[in-house]
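Using the working numbering, the first residue of the sequence shown is number 3, and each one after it goes up by one. Every residue gets a Cβ at the ideal spot worked out from N, C-alpha and C, and that includes glycine. From a predicted model like this one, the values you see are computed outputs, not experimental measurements. Right, one structure below, let's go through it.
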Amino acid sequence: MTRRSPHRSLGLLVALMLASGAARGADTEVALVGEAQLGWTDNAQSSPDEPVPGVPEKKADAFAVLSPGLGLTRGTRGALQRLGVTTSVTLHWHERDADTWSNRAEYQGLFDLDPRTSLLVGTSASTTRAWTATIVTPAGAGELSGTLQGTGTTLTLGADETLSHDLTRSLRGWQGARFAYGRSLDDSAQPRSTDTQASLGLERSFRLDAVGLELRGEYGTVSSSAARPSVRQLTSTAVAIHRHDFGRYFTSRLEAGAMRVDRPSSGRHFWHPSALAALAYTDDWGGAALSYSHRATTSVTLGQTLLVDEVLLSGAVPLLGERTLVVAGSAGYQRGRVIEEDASRGARLEVTLADLGLAWQLAPSAALGLRYQHTRQLADGTAPPDPLSFRRNSVLAGVSLRFPPETELRRPLRQPLRVDRADDVRGRRSGDHERRVD
């Protein structure tokens, strides 16, 4: 059986996007994007403060990042689809072993299946090395995740979907699914990890509030390696949800419930609370969110299952009119404990991230950027393949180009966060938005 190349699959996806809506009016935008940056870091390969055998020593270095890309957006009355492909080359002045070639492709689609039903889907694929993963990710889009030294180039794949249906004007149901896969491309002895999630929810909306219930299931696997046995973990969660709108731009979300974590191989399990508290700011072009969460999860980049507490502030907000000056960033702290096979809590892992960027719009197609990033990881591990403690500071400055400039087709693709759905992309695109509350 022959394997279909990624280029053929990408070409097929582009053809399907162009063909969809061909028989009806559609807006299509093809954009060339690029970014050139110069930077300096005090830790070129995210190495520990103290030398560890098999891990490069901590060294400072200057570097350059070149990131050309292509974006394709297609909008119709019933659908908005977006495809992006980016290649990033990171070149170091002295530490040439730290040079990296990163690639990322992602697709998002928002479809109006009927006036009451919407479907949001997404897929992504990326290859990068651990010490450049956060550098090539835009400020404001980063996630808190541990770093695994010595794994070379890592492949990560992801897919997700959310189906939302209005049962009545004030009653909404939804179903979601998510899949993630990670593995090292350079070391076949490293484990392969998968994480599969599914959810089902129901919510009743009022004027400014909404209350609901969501059931979730998550199944994570980590293949066996020379250092660790294989892992299988099943997490079942039930939470009550309350949402509330504050004024025109702010909205909150509270979740409280319980989760059961099962290890099928050992027959052991434990119960634990599940919680989330979030405050979000939304506008037409972006937003910001402050959140706290307590959950169990499988990290496909670390190849471990963890029980984590996380505080995260992220987003992008214009400081001046017409988005002339935009601040974007991520800042947060995650404290995790590895879940052992007997369902006990094992090694500690703490991650701190501060990633702040400023973009000054010089012209409709050009912007200057300045960025600072701080990463700190505290871990109980003393040698690979366990995560190791390290600190890293990086400063970057550069220019980004986009031709043609951003248009209405560039609105963020997401399900509405607000109770009144004033941030619903469906309504803003098709003109049929209405408040569905009693």
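With the rule of 3 Cβ pairs closer than 8 Å, the region 354-366 counts as touching the region 327-340. Here A38 is exposed. Its C-beta has fewer than 16 other C-beta atoms within 10 Å. The three-state secondary structure of T239, taken from DSSP, is strand. Here the alpha carbon of E205 sits roughly 11 Å from the alpha carbon of H167.
DSSP, reduced to helix, strand and coil, places D382 outside both helices and strands of the structure shown, so it counts as coil.
Between the beta-carbon of D101 and that of T92 there is about 6 Å, and that keeps the pair under the 8 Å contact cut.
With 16 or more neighbouring CB atoms inside 10 Å of its own CB, G184 falls in the buried class. Closest by C-alpha distance to T239, out of G249, L169, A279 and R262, is R262. A residue is called buried when at least 16 other Cβ atoms come within 10 angstroms of its Cβ; F392 meets this threshold and is buried. Inclusion of V138 and S104 in the CB contact set at 8 Å is warranted, their separation being smaller than that value. Checking the DSSP bridge columns, you'll see I341 partnered with R347.
One alpha carbon belongs to A368, the other to A399, and they sit about 14 Å apart. Under DSSP, L309 shares a beta bridge with A298 and R339. Counting C-beta pairs closer than 8 Å gives three or more between the region 241-254 and the region 209-216, which meets the contact rule. Counting C-beta pairs closer than 8 Å gives three or more between the region 120-134 and the region 159-175, which meets the contact rule. If you ignore the 5 residues before and after F113, its C-beta comes within less than 6 Å of the C-beta of A81 and L121, all in its own chain and listed in chain order. The DSSP-derived three-state label of A290 is strand. Excluding sequence positions up to five before and after S48, its CB lies within less than 7 Å of the CB of A132, W133, T149, Q151, F392 and R394, all in the same chain and listed in chain order. Its chain contains V213, G214, L215, E257, A258 and G259 as the residues whose beta carbon lies nearer than 8 Å to that of A242, once the 5 sequence neighbours on both sides are disregarded; these appear in chain order. Excluding five sequence positions before and after L419, the CB atoms of its chain that fall closer than 7 Å to its own CB belong to T253, A282, T284 and D425, given in chain order. One thing to note: G86 has its Cβ no nearer than 8 Å to the Cβ of G36. With respect to G77, D29 sits close: the two C-beta atoms are nearer than 8 Å. Per DSSP, H274 is one residue of the beta strand (DSSP E) stretching across R270 to T284.
For S396, the pairing in a beta bridge is given by DSSP as T43 and Q375.
Separation of W176 and T237 (C-alpha to C-alpha, rounded to the nearest whole angstrom) is 20 Å. The residues Y294, G334 and Y335, in chain order, have a CB closer than 7 Å to that of V313 in the same chain once the five nearest residues on each side in sequence are set aside. The C-beta of E220 has 16 or more other C-beta atoms within 10 Å across all chains shown, which makes the residue buried. By the neighbour-count criterion, in which 16 or more other beta carbons inside 10 Å mark a residue as buried, R98 falls on the exposed side. Assigned with DSSP and collapsed to three states, T136 falls in coil, not helix or strand. Between the alpha carbons of Y374 and L169 lies a gap of roughly 46 Å. In the three-state DSSP reduction, D211 falls in the strand class (E or B). Counted as a single uninterrupted DSSP element, the beta strand (DSSP E) harbouring R174 occupies residues L173 to S186.
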